[in-house]
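Just so you know, we're using the working numbering here: the sequence shown kicks off at 24 and counts up by one. First up is the structure itself, then whatever we jot down about it.
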Amino acid sequence: MAKFMKHIEYGRMIRTIDNTFEVYTFVMIGTNIPTTIFSLLSFFKALSGEWISFVLIIPGIFFCLVELVGLTAVPAKLHEAIGRVENIIYSNTRIWYPYDERIYQIAYALVTHVRQANLGISLWGFAVMSKGTYNGYSNVITTSRDISFIDEVSRGASPNLLKKQPRCEEYKKFPVYHHVYKVIKLFTILRCRFSEDLSKLSLFINSLIFFSIWFMLIAMSIFVITVVSTYNLETKALPASLLRVTFYIQGITSMLFIYYWQWKSPSLAYVRQLHAAQNSAGCIKNQHRIHRIVIGLYCVLTFIILYLLFMHIVLIIDIDIDIIDQSMLDAFRKHRSIAIFSFILNSYSSFCVSAGFFIYTIFTYAGVLEVDFYNQRLQNIGHDKDKALIDELITLINDHAKLSEAIRTLDSFCEVYAFIMIGCTVPTTVFTLLQLLITKDLPLINLLLTLPVLLICILQLMALTAIPAMLHNTLERSKHFLYSNIKVWQTFDRNIYQIASSLAAHLSQTDLGISVWGFAVVSKPLILTTISVMVTCIAFFLELRRRPHST
């Protein structure tokens, strides 16, 4: 009840803040967005102009971006903190287990209060400032604390996760890591392993090699962006140059993700929570499915290395390639050591990208298997005559709370990675399709260099969207299994109906899954939207290509 009264006070306080700043926020954002757009346009124009213009424009862009972050990111952080209260209530097993009718009724009323979706800073009442309102802008600068109610509830939800335990000993307990460690050997060979069991010398050598390549990728990205922005490249060679930029950004992001995953071990909390729910029963039952992901990684790596080898051999021999800039071809053929260096750099980067996708995919798919096993338990409610129906329902609520907490932990360390990688993969696929259309009137070698890239892009899109969408879809289907179980609903019992309704409320959390930096959960509708955007972009670029010929 004390938390109940506190939330009412917080609601009044937030509405007072909203009434004070809603008009100011509306006017300032309305003027800041066009100012930022014009500043960016001036920046791109200044790239090919005098250096003094470039220097004068940079402070203006910085000021606009800081102002935009202040106007949007901090209010969105407030809205996100308010929205997380409901999730934390559902994840707190102390509320729902064991069953107490009075606590259940108060918890229901509290959930109803915290579902006020319009709490936050609004744009003059038109819309509440959330991540969806300013989709496309960063919110990482804000460091504001969550409201204290969240801290108090979460402090009691999972205290064991805060304890420092030996990582290597912990890993051995979980079935998922049995498959992950099959890939760790490649990390050791390629000097990108950073686990605690390595010596200081090995860590130093690995860090030196790893971050040297990382900085090289950054330098190459800046160089290619400068070339594309300042020089008039041939239309046929432009998509390939843009592809290089997006692939370099993917490599930079994946290397940071791999380093963070090994050094901070955020996945350890995830697999511990996932194991606590059902003792990893879903993963143990479907070991062969997880093994397929490992085999898929090795197949993809072999394919990429063979493609890179083929491409660099073609680059250094005297074959006309129209989709690659002629000056780059001349440099490769004049200095073959550049081609060897490029092959090593791209191979290392490709391994890191593939390893990042593997980590993202295997942990997400482990969640799919556990939720699928949970759905089977929902279907079998009432089939065990040795267990009371009410005990089964309470156990399922308790286990779903643990599964929800695990999935939110997975989302917390994958959301930024998913956001950046989807943001790179979508334009990469668009540029590859454009390059494919360009090759229809060119020699066969251009098509042979383009098709493998298109296949890689499709595999990346599937890994980034299809498996997280599968997780979201499996979670969505849970409530349907509960509703369709006749043994729960056929005979009226007040306690059973109340617990079943509570379980249905737990299963109706629509935001469970892998999100794109909190903007939207990766689901089938999001995949459809992504495809629509890609088709629109391709149609737009094709129209731009036709326009000069029609005049």
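Cβ atoms here follow ideal geometry from the backbone N, Cα and C, with glycine treated the same way.
Put simply, of I275, I60 and V556 the residue whose alpha carbon is nearest the alpha carbon of F86 is I60.
For the pair of segments examined, the segment 308-315 was found not to touch the segment 241-259: the number of CB pairs separated by less than 8 Å stays below three. Of all alpha-carbon atoms in V317, H298 and Y113, the one lying nearest the alpha-carbon of K208 is that of V317.
The criterion of a C-beta distance shorter than 9 Å is not satisfied by P57 and I417. Counting only runs of 4 or more residues that sit fully inside the segment 428-485, the alpha helix (DSSP H) segments are 467-484, in chain order. Note on geometry: alpha-carbon atoms of V337 and F436 lie some 40 Å from one another. Boundaries cannot be given for N309, as no alpha helix (DSSP H) includes it and DSSP labels it neither H nor E. Around the beta carbon of W286, fewer than 16 other beta carbons sit within 10 angstroms, so the residue counts as exposed.
For C322, the number of other beta carbons within 10 angstroms of its own is below 16, and it is reported as exposed. A distance below 9 Å separates the beta carbons of L101 and I37. DSSP places T269 in the uninterrupted alpha helix (DSSP H) bounded by L261 to K287.
Nearest neighbour of I144 by Cα position, chosen from V97, D123 and E124, turns out to be V97. With a cutoff of 9 Å on beta-carbon distance, L535 and I430 are scored as near each other.
Comparing C-alpha distances from L64 to each of V50, I80 and F49 shows the shortest one belongs to I80. Taking 9 Å as the cut-off, the beta carbon of I509 is found no closer than this to the beta carbon of L412. About 6 Å separates the beta carbons of A263 and Q458, which is inside the 8 Å limit, making them a contact pair.
Bridge pairing for S538: V544 [DSSP]. Selection V203, F364 and R500 evaluated against R315 yields V203 as nearest (Cα-Cα). Of S365, N369, I339 and I347, the smallest CA-CA separation from K357 is found for I339. Selection A299, L297 and S373 evaluated against L329 yields S373 as nearest (Cα-Cα). The Cβ atoms of Y440 and F280 lie closer than 9 Å to each other. Scanning L221, L484 and Y271 for the CA closest to the CA of F380 turns up L484. T553 and S546 have their C-alpha atoms some 11 Å from each other.
Secondary structure of D407 (DSSP, three-state): coil. The Cβ atoms of H529 and Y113 sit closer than 9 Å to each other.
For the segment 57-120, the full-length alpha helix (DSSP H) segments reaching 4 residues or more read 74-114 and 116-119 along the chain.
Note that the C-beta distance between T432 and Y293 is below 9 Å. Counting along the chain, the unbroken alpha helix (DSSP H) around L498 starts and ends at I490 to Y506. For S531, there is no enclosing alpha helix (DSSP H), as DSSP marks it with neither H nor E. Inter-residue distance for F49 and N42 is about 12 Å (C-alpha atoms, whole angstroms). T451 is positioned such that its CB atom lies closer than 9 Å to that of Q273. One Cα belongs to R117, the other to Y506, and the distance between them is close to 25 Å. If you draw a 10 Å sphere on the C-beta of A132, you find fewer than 16 other C-beta atoms in it, and that means exposed.
For N369 and P475, the gap between their C-alpha atoms comes out near 15 Å.
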